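Peer 1:
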């Protein structure tokens, strides 16, 4: 095959010019994988030895696909000798050869994250530290960040900025834990994933002969997704390429979105300074998306100051403008998205798999899962569990189950020691055996002090078990007196689940904390809706709803025709015909979860928005809600400034009375993601008043918020069949029928954006529209 004829001019130049440092700036959908693959094939065709080519990727899947494509051109026998794989797999291979120099056996063990956290947990316990303060996840994250910054245990202990940060988070002994963790790993002949990078750097730093050996071996080095490399990866590549300088890096600074994992956009931005004799090749033709989507994305990313200049273009069809949905509430946002999927699928004969719903945080999936289920639209959660299957959600729901039905043994076993209260596996086994022997539930055993004494437990353990029993009984006394939200909030607080999750400030911990918040938001919405519709709104009623909602019908795994739900971070590298970017609101996207603010972090949020738009092939949608529940309170929301970043000629905006660009902040600071070293000064959410000319907009927003909070309905006796009314969350609708007598009047109302509702007028607060 003549592979060169398949390339456009820019791609061909990047493939054929193989000598010296090369920076291939690859815009979204521009065929970077093809260029990287064909460049390696071209090297082999020109006589390069397979063993002299080192190609580094970020996923095994990418490496495997590239090698298969190369094999089709040069044959399997040649392709199999390439040094091609992920950073970690390649460096593990080198370390196994050179391990004795570092004092490790060649068959050293590689610990996964679970192994690492287990060892850290053991060390924390041995140091007699409180694992509620020294949370293993947080300690593990700190050690990982140190290794990726090439900070050894000894350097950690003497680094003033690092130690100051540890003091600020009340974990001053992390340095000691790190030192002991490293010692234990060494004694066990084990390395964790971060060690594979750290130890390779140490190997090359301290053993010049070994470094020179690999410098001579690798005549050509190629790196994919260079914008995602961290400092440790950057330094290894720089050292290996020092002799021959035949380094080709491929990437897109506009898609650098992983700083929370240690990625440094500076690596790609500074490439031309690092290698003065470089060549730059710009892949600017987008083969994926319509012209409108590409131009819209360009208008967004050009607002960033730190970037490599390029102008991505498309020769595909012009395409439809990006449709913007303005929803009254987050619940309505889910309704609008599900409705659009149903309508466009029928009209244009799309498959469900042609749709993706992208959100900033995992917690947002709940609304869309429920909306899709109500429409019987099949879906799958990409890179994660369904909302109600996530551990933290199941933990809290298990508390609800036990309070409602204490005989639920599976729920009792799940929560009896969560959060940790000193009831171990041995104790649980004894209780379960005693329950089985007497033919009763575990809870029936533990709630009777006389019975529990026969389970073989010591006095201290019995005391801990009885505290658990007392907590559950305390909730049971109130469960029929409080509505679902009041009860759920009390359980989440009194059990310390919220406190426990809040302490974990890792990205995973923040996500779990947000998920609990979103569950409580959903329960609050259930409570209010049930009250307005004259239905029971107790916790047991909510749990019945959830049980039905999460009752997955038997779906065959091979059936892939499903709508995809995922975070934008997970969507990088993927593409869909139709993409919904949801929750495009201030303090949600751009995110405010980290509290502090820096311009650099705000630019990364904008790059994330750019990545989201460029996942779409044919149609892109933006949606935001005017009101969204936050910790059970209906909060007023502002459209994201990112909407204003898009050139309006590429947007299909809502009516003027629903959307006004004057509302949208266009400049300002944004969110700072936690850095490894010294903590920044505490920041705050960006304020409209901080920006030039924004005072009037601030007044408008405050007035709108005040109006939303002071929404009063008209006298229920004045509402008649045929009238147009307005509801605070459902918007405008038409009264279809009035039943009953005052004060228990019930109205059937059809809301175009929420469907038909039956509402008790004394609770619904309907306003008559003249």
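Residue numbers (full-length UniProt numbering): 1 to 770.
Built from N, CA and C at the ideal position, the CB exists for glycine as well.
The model shown is predicted, which means the values in this text are computed figures rather than measured ones.
Measure the CB-CB distance between residue 268 and residue 335 and report whether it falls below 7 Å.
Peer 2: As a working note, residue 268 is residue 268 in the chain shown. As a working note, residue 335 is residue 335 in the chain shown. Against a cut-off of 7 Å, the Cβ pair of residue 335 and residue 268 comes out as no contact.
Peer 1: Look at the Cβ atom of residue 532, then the Cβ atom of residue 356, and state whether they are nearer than 7 Å.
Peer 2: If you number the chain shown from 1, residue 532 lands on position 532. If you number the chain shown from 1, residue 356 lands on position 356. No; because the gap between Cβ atoms is not below 7 Å, this pair is not in contact.
Peer 1: Is residue 84 helix, strand or coil by DSSP?
Peer 2: Sequence index remark: in the chain shown, residue 84 carries index 84 (1-based). Residue 84: strand per DSSP, three-state reduction.
Peer 1: Should the segment 201–210 be called in touch with the segment 90–110, which here means at least 3 C-beta pairs below 8 Å?
Peer 2: Yes: the two stretches touch, three or more of their Cβ pairs being nearer than 8 Å.
Peer 1: Rounded to the nearest angstrom, what separates residue 578 and residue 565 at their Cα positions?
Peer 2: On the chain shown, residue 578 is found 578 positions in, with the first residue counted as 1. On the chain shown, residue 565 is found 565 positions in, with the first residue counted as 1. Going by the C-alpha atoms only, they are around 12 Å apart.
Peer 1: Can you tell which of 515, 587, 179 and 645 has the C-alpha that lies nearest to the C-alpha of residue 362?
Peer 2: By 1-based counting over the chain shown, the position of residue 362 is 362. Nearest of 515, 587, 179 and 645 to residue 362, Cα basis: 515.
Peer 1: Quick check: what's the CA-CA separation for residue 506 versus residue 136?
Peer 2: Start at 1 with the first residue of the chain shown, and residue 506 comes out as number 506. Start at 1 with the first residue of the chain shown, and residue 136 comes out as number 136. So the alpha carbons of these two residues sit roughly 11 Å apart.
Peer 1: So what's residue 278 in DSSP terms, helix, strand or just coil?
Peer 2: Against the chain shown, residue 278 aligns to sequence position 278. Of the three classes helix, strand and coil, the one that applies to residue 278 here is coil, per DSSP.
Peer 1: Take residue 553 and list the residues in its own chain whose beta-carbon comes closer than 6 Å to its own, dropping the five residues that flank it on each side.
Peer 2: For this step, residue 553 is matched to residue 553 along the chain shown. Here residue 553 scores only 39 on pLDDT, less than 50, and its place in the model should not be relied on; the value that follows carries that caveat. Hits under 6 Å: none found.
Peer 1: Is the beta carbon of residue 442 less than 7 Å from the beta carbon of residue 409?
Peer 2: Reading the chain shown from its first residue, position 442 is the one you call residue 442. Reading the chain shown from its first residue, position 409 is the one you call residue 409. Result yes, Cβ atoms of residue 442 and residue 409 sit closer than 7 Å.
Peer 1: With DSSP run on the structure shown, which of helix, strand or coil describes residue 550?
Peer 2: Within the chain shown, the letter at position 550 stands for residue 550. Low per-residue confidence applies at residue 550: pLDDT is 49, beneath 50, and the placement is therefore not dependable enough to give any value.
Peer 1: So, does the segment 210–225 touch the segment 124–140, judging by three or more C-beta pairs under 8 Å?
Peer 2: At 8 Å Cβ cutoff, the stretches do not touch.
Peer 1: Could you tell me if residue 583 is buried or exposed, where buried requires 16 or more neighbouring beta carbons within 10 angstroms of its beta carbon?
Peer 2: Position 583 of the chain shown, counted from the first residue, corresponds to residue 583. With 16 or more other Cβ atoms within 10 Å, it is buried.
Peer 1: Scan the segment 257–335 and note each continuous beta strand (DSSP E) run of 3 residues or more that stays entirely inside, going in chain order.
Peer 2: Counting only runs of 3 or more, we get 279–283 and 322–329.
Peer 1: What span of residues does the beta strand (DSSP E) with residue 227 cover, start to end?
Peer 2: Taking the chain shown and counting its residues from 1, the one referred to as residue 227 is at position 227. Segment: none, residue 227 is in no beta strand (DSSP E) and carries neither H nor E.
Peer 1: Leaving out five residues on either side along the sequence, give the residues of the same chain with a beta carbon under 6 Å from the beta carbon of residue 89.
Peer 2: Indexing the chain shown from 1 puts residue 89 at position 89. For residue 89, where only same-chain residues beyond five positions count, there are no Cβ hits under 6 Å.
Peer 1: Can you say whether residue 590 is buried or exposed, counting buried as having 16 or more other CB atoms within 10 angstroms of its CB?
Peer 2: Numbered from its first residue, the chain shown carries residue 590 at position 590. Residue 590 should be labelled buried.
Peer 1: Between 111, 497 and 427, which has its C-alpha nearest residue 463's C-alpha?
Peer 2: The residue labelled residue 463 in the question sits at position 463 within the chain shown. Ranking 111, 497 and 427 by Cα distance to residue 463 puts 427 first.
Peer 1: Report the rounded CA-to-CA distance for residue 319 versus residue 648, giving the unit in angstroms.
Peer 2: Sequence index remark: in the chain shown, residue 319 carries index 319 (1-based). Sequence index remark: in the chain shown, residue 648 carries index 648 (1-based). If you take the alpha carbons of residue 319 and residue 648, they lie about 15 Å apart.
Peer 1: Can the beta-carbon of residue 301 be found less than 7 Å from the beta-carbon of residue 502?
Peer 2: Indexing the chain shown from 1 puts residue 301 at position 301. Indexing the chain shown from 1 puts residue 502 at position 502. Cβ atoms of residue 301 and residue 502: not closer than 7 Å.
Peer 1: Return the chain-ordered list of same chain residues with a C-beta closer than 6 Å to the C-beta of residue 387, the five sequence neighbours on each side being excluded.
Peer 2: Taking the first residue of the chain shown as 1, we reach residue 387 at position 387. Closer than 6 Å at Cβ, skipping near neighbours: 365, 366 and 369.
Peer 1: Leaving out five residues before and five after residue 496 in sequence, what residues of the same chain have Cβ atoms less than 8 Å from its Cβ?
Peer 2: Position 496 of the chain shown, counted from the first residue, corresponds to residue 496. So the list reads 419, once near-sequence residues are dropped.
Peer 1: Mapping the DSSP letters down to three states, classify residue 755 as helix, strand or coil.
Peer 2: Here residue 755 is taken as the residue at index 755 of the chain shown, counted from 1. In this structure, residue 755 counts as strand in the three-state DSSP scheme.
Peer 1: Count the other C-beta atoms from every protein chain shown that fall within 10 angstroms of the C-beta of residue 147, then say buried if there are 16 or more, exposed otherwise.
Peer 2: Within the chain shown, the letter at position 147 stands for residue 147. Classification of residue 147: buried, given that the 10 Å Cβ count is 16 or more.
Peer 1: Let me check understanding here. Comparing Cα to Cα, which of 588, 625 and 618 lies closest to residue 608?
Peer 2: As a working note, residue 608 is residue 608 in the chain shown. Minimum Cα distance to residue 608 is reached at 588.
Peer 1: What is the DSSP secondary structure of residue 737, reduced to helix, strand or coil?
Peer 2: Numbered from 1 along the chain shown, position 737 holds the residue referred to as residue 737. Correct three-state label for residue 737: strand.
Peer 1: Checking the sheet assignment: what are the DSSP bridge partners for residue 786?
Peer 2: Because the chain is modelled from 1 through 770, residue 786 falls outside the range shown and cannot be assessed.
Peer 1: Going by C-alpha distance, which of 230, 196, 92 and 141 is nearest residue 149?
Peer 2: Locating residue 149 in the chain shown gives position 149, where the first residue counts as 1. Nearest option by C-alpha distance: 230.
Peer 1: Any contact of the segment 137–145 with the segment 161–178, i.e. 3+ C-beta pairs under 8 Å?
Peer 2: Taking 8 Å as the limit for Cβ pairs, the verdict is that the segment 161–178 does touch the segment 137–145.
Peer 1: Excluding the 5 residues preceding and the 5 following residue 435 in the sequence, name in chain order all residues of the same chain whose CB lies nearer than 8 Å to its CB.
Peer 2: Stepping through the chain shown from its first residue, residue 435 is reached at position 435. Contacts found: 409, 441, 442, 444 and 445.
Peer 1: Which two residues bound the contiguous beta strand (DSSP E) that contains residue 251?
Peer 2: Walking along the chain shown from the start, residue 251 turns up at place 251. Its beta strand (DSSP E) spans residues 247–251.
Peer 1: Does residue 527 pass the burial test, meaning 16 or more other C-beta atoms within 10 Å, or should it be called exposed?
Peer 2: Counting from one through the chain shown, the residue named residue 527 turns up at place 527. Residue 527 should be labelled buried.
Peer 1: For the putative contact between residue 108 and residue 224, defined by C-beta atoms under 8 Å, what is the C-beta separation to the nearest angstrom?
Peer 2: Taking the chain shown and counting its residues from 1, the one referred to as residue 108 is at position 108. Taking the chain shown and counting its residues from 1, the one referred to as residue 224 is at position 224. Actually they are not in contact, since the Cβ atoms of residue 108 and residue 224 sit about 27 Å apart, beyond 8 Å.
Peer 1: Name the DSSP bridge partner or partners of residue 628?
Peer 2: Here residue 628 corresponds to residue number 628 of the chain shown, with the count starting at 1. Bridge partners of residue 628: 635.
Peer 1: Near residue 325, which residues of its chain fall below 6 Å by C-beta distance, leaving aside the five closest residues on each side in sequence?
Peer 2: By one-based count along the chain shown, residue 325 stands at place 325. Correct list, in chain order: 336 and 623.
Peer 1: Run the CB neighbour count on residue 97, radius 10 Å, all protein chains shown included, and call it buried at 16 or more, exposed below.
Peer 2: To locate residue 97, count along the chain shown from 1; it is residue 97. Exposed, since its Cβ has fewer than 16 Cβ neighbours within 10 Å.
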